[in-house]
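The listed protein sequences correspond, in order, to chains A and B.
Residue 224 in this note's numbering sits at position 224 of the first sequence, and the numbers go up by one each step.
Residue 577 in this note's numbering sits at position 221 of the second sequence, and the numbers go up by one each step.
Every residue, glycine too, gets a C-beta built ideally from N, C-alpha and C.
Report on one structure; see the data block that follows.
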Amino acid sequence: MSRLTFDCRHRFRGGFELAATFDSDANVTALFGPSGSGKTTILRSIAGVLRPHHGRIEVSGRTLVDTAAALHVAPERRSIGVVFQDQLLFPHLTVEANLLYGSLRPDRCGQAVDYQRVVAVLELGGLEARRPASLSGGERQRVALGRAMLSRPELLLLDEPLAALDAALKDRILVYLERVVAEFRIPTLFISHSQAEVRRLAERVVIVEGGRVLAQGTASETLDQPGPLARRDALRPVNLLRIDEIFDHGDGFQARVGEHQLLLPPGERPGGPPFYVQFEPAEVTLALGEPAGLSVRNRLQGTVRQVVDTPTGVFVAVDCGQILWAEITREAVRELDLRPGGPVTCLVKTHSLRLV
Amino acid sequence: MSAWIDPGTWSAVRLSLLVAASVVTVSLPVAVPLGYALARSQFRGKWLIEVAANLPLVLPPVVVGWALLVLFQPEGALGRLLLPLGIRVAFDWKGLVVAAAVMSFPLLLRAVRLGFESVDPRLEMAARTLGASRLATFLTISLPLARRGVIAGCVLAFARSLGEFGATVMLVSQRESTRTIPLLIYSLRDRVGGERQIWILVAVSVVLAGAALAGSEILERRARAGRVEES
């Protein structure tokens, strides 16, 4: 029995048609795709605020939509918490009343979540008496997340929870999301068009484009494929390495990633764990052996796992404890004779790294 | 005080206030759901309701009064139904309420409807995903957020009812027991020595209108203070 089964068709007046089928057992599933691909339509159908023309939706064994049987469960009976892109906090209620709005309703199927715990995890203490209009963007997003969690949902839907935020705030909210996912274990489906977010949060990825599901599976089954790797738009691929430890060596910060050391750019100061370093695959240089006389500070030895040829270039997956992608030219692949199993050194300039 | 203002004037003021308050009490439970339905949903015959509700605004009041009289006279379509229940509307104080309610309804409905239209429907959608039923959503989200329109509508309906004359005169006519402020002013016009009383009634009308406006302003401010900078 899947946690979530989705199989719906919906045609809009403008001509756009959604015809998507996917399922997920994962705790965190990402719907990944460009704007206008149908992600939000899927989310709205699951939440019950849009009636798909044809199809079936099941959550934890409960059928929520079955057009063949003319079944369409009302949104308030679905036990699905939604965090909307623009939060939609109730302006006439305090933060506390907003948070508790859904928690008092009967008939919710999910597990009860402790109010004080949510306030603590999302760091909402001190905001409870305020009104939404006096909150910052990040605070509003946290309140919206807390409100949805406290409504005892069986499934949490996040509609681009980070889209409206600037980069610095995005990183911070992402940390909160990670905490929530880890601590409360509420099955979550989130919409995103950032590979970094998807790679960081999702156990299962569903790639949606033009109203169709192009691929579904783990990150390596979906994102590490020629199509997604060749993206040049907002969906472009990104390297994300989890940092095990950060230490101050007097002249800046250094990060330990597995057995490797990375020198972080000056001024990059960790805000709070967990940390990742993020950099583009095109910023990675591959070398055979140990090159000398280079200004590049960061060298990671690894093994080639995969060589993926895309229309825009070749992507080489290198296993350095964690998988790292390098984008290089076809000529370079030929000249270095890169093939799976071969040893290689990845060079990344310190100034290409971004701490997130 | 009563030496200065005679009992007839007092009873007219009391009656006017009672009628205006009754109009708001009777009309609001109709205007709120109807205003919400007009603001939110598309349904067959919606235009018909809109036209009917706005008709008293464009028709001459005496025409509306005549139509009400035809309906509510003992042989009329509604009068015949009400008669066995012992309810008389035509030529009775209840007629004052009916006439004023009909005449002020378009103003009340319009303000209430605008109030609901100013509420983002997505907030209602959010409330429902949080487990609130349609009714709970309406009571906890839509109505509180539309309250400015509702308050404004009540003040307008109250003030309009205080001044109602044309339809009232047709339906209830001039009697000692059914004299509101405007009816009394009219009846005093040709009476010798009535001028002083007219001036008093005019002053009372001005004070009442001012009080209604001030009351709505206070309610509005209190509502606004409650939500600080609610966007």
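Distance between residue j and residue i (C-alpha atoms, nearest Å)
| i | j | result |
| --- | --- | --- |
| B/V445 | B/V458 | 13 Å |
| B/E573 | A/V121 | 42 Å |
| A/S35 | B/N410 | 44 Å |
| A/A168 | A/D66 | 42 Å |
| B/V560 | B/L374 | 15 Å |
| A/L353 | A/V238 | 11 Å |
| A/M1 | A/R131 | Only weak support is given to the placement of A/M1: the predicted model assigns it a pLDDT of 48, under 50, and the question is left unresolved by the model. |
| A/V83 | A/L157 | 6 Å |
| B/S358 | B/I554 | Note on B/S358: pLDDT 47, under 50, position unreliable in the model; no value is reported. |
| B/S533 | B/S372 | 12 Å |
| A/E197 | A/G302 | 25 Å |
| B/L332 | B/W449 | Residue 332 of chain B is absent from the model: chain B starts at 357 and stops at 587. |
| B/V414 | B/V420 | 10 Å |
| B/R484 | B/G566 | 41 Å |
| A/V284 | A/L324 | 9 Å |
| B/P430 | B/G451 | 13 Å |
| B/W588 | B/V528 | Because chain B is modelled from 357 through 587, residue 588 of chain B falls outside the range shown and cannot be assessed. |
| B/F461 | B/R370 | 22 Å |
| A/L135 | A/A129 | 11 Å |
| A/G33 | A/H193 | 5 Å |
| A/E152 | A/L43 | This sequence places Arg at residue 152 of chain A; Glu is not what is there. Approximately 18 Å between the Cα atoms of the pair. |
| A/L263 | B/R490 | 57 Å |
| B/L384 | B/C510 | 8 Å |
| A/A68 | A/H54 | 8 Å |
| A/R51 | A/S45 | 6 Å |
| A/D224 | A/H260 | 23 Å |
Assumed close pair residue i, residue j - CB separation to whole angstroms, cut-off 8 Å
| i | j | result |
| --- | --- | --- |
| B/L463 | B/L512 | 4 Å |
| B/V468 | B/A387 | 5 Å |
| A/V143 | A/L124 | 7 Å |
| A/P75 | A/G48 | 3 Å |
| A/V318 | A/R305 | 7 Å |
| B/G487 | A/R105 | 3 Å |
| A/L155 | A/P187 | 5 Å |
DSSP-derived helix/strand/coil call for residue i
| i | result |
| --- | --- |
| B/E585 | The predicted model places B/E585 with a pLDDT of 42, which falls under 50 and marks its position as unreliable, so this point remains unresolved. |
| A/V346 | As written in the sequence, residue 346 of chain A is Cys, which differs from the Val given in the question. A/C346: strand per DSSP, three-state reduction. |
| A/G55 | strand |
| A/A163 | coil |
| B/I443 | coil |
| A/V316 | strand |
| A/E178 | helix |
| B/M357 | For B/M357, the predicted model reports a pLDDT of 46, less than 50, meaning its position is unreliable and no value from the coordinates is stated. |
| B/S572 | helix |
| A/F84 | coil |
| A/R354 | strand |
| A/M1 | Any answer about A/M1 is weak, because its pLDDT of 48 lies below 50 and its placement is not dependable; what the coordinates show is given next. It is coil, neither helix nor strand. |
| A/D171 | helix |
| A/N98 | helix |
| A/F16 | coil |
| B/T496 | helix |
| A/P265 | coil |
| B/V458 | helix |
| B/T536 | coil |
| A/A74 | coil |
Span of the beta strand (DSSP E) around residue i
| i | result |
| --- | --- |
| A/Y276 | 276-279 |
| A/L241 | 239-242 |
| A/C8 | 4-11 |
| A/I246 | 245-248 |
| A/A255 | 253-257 |
| A/L300 | 298-310 |
| B/V525 | It is not in any beta strand (DSSP E) - B/V525 instead sits in the alpha helix (DSSP H) that spans 522-527. |
| B/L437 | Unbroken run through B/L437 is the alpha helix (DSSP H), 433-438; no beta strand (DSSP E). |
| B/A483 | That residue, B/A483, is in no beta strand (DSSP E); its alpha helix (DSSP H) goes 477-485. |
7 Å Cβ cut-off: residues of chain E touching residue i
| i | result |
| --- | --- |
| B/L479 | Of the protein chains in the structure, A and B, none is chain E. |
Where the alpha helix (DSSP H) containing residue i begins and where it ends
| i | result |
| --- | --- |
| A/I328 | Note, A/I328: premise wrong, no alpha helix (DSSP H); beta strand (DSSP E) at 323-328. |
| B/G391 | 363-396 |
| B/T493 | 490-493 |
| A/V118 | 115-121 |
| A/Q141 | 137-150 |
| B/R503 | 503-519 |
| A/L229 | 226-229 |
| A/R62 | No alpha helix (DSSP H) holds A/R62; the beta strand (DSSP E) holding it covers 62-66. |
| B/A408 | 402-414 |
| B/F428 | 417-428 |
| A/L43 | 39-47 |
Proximity test, residue i beta-carbon vs the ligand FAD heavy atom, cut-off 6 Å
| i | result |
| --- | --- |
| A/L324 | No copy of the ligand FAD occurs in the structure displayed, which carries no ligand at all. |
Entirely within the region 183-220 of chain A and at least 3 residues each: give me those beta strand (DSSP E) ranges in chain order. 188-192, 204-209, 212-217
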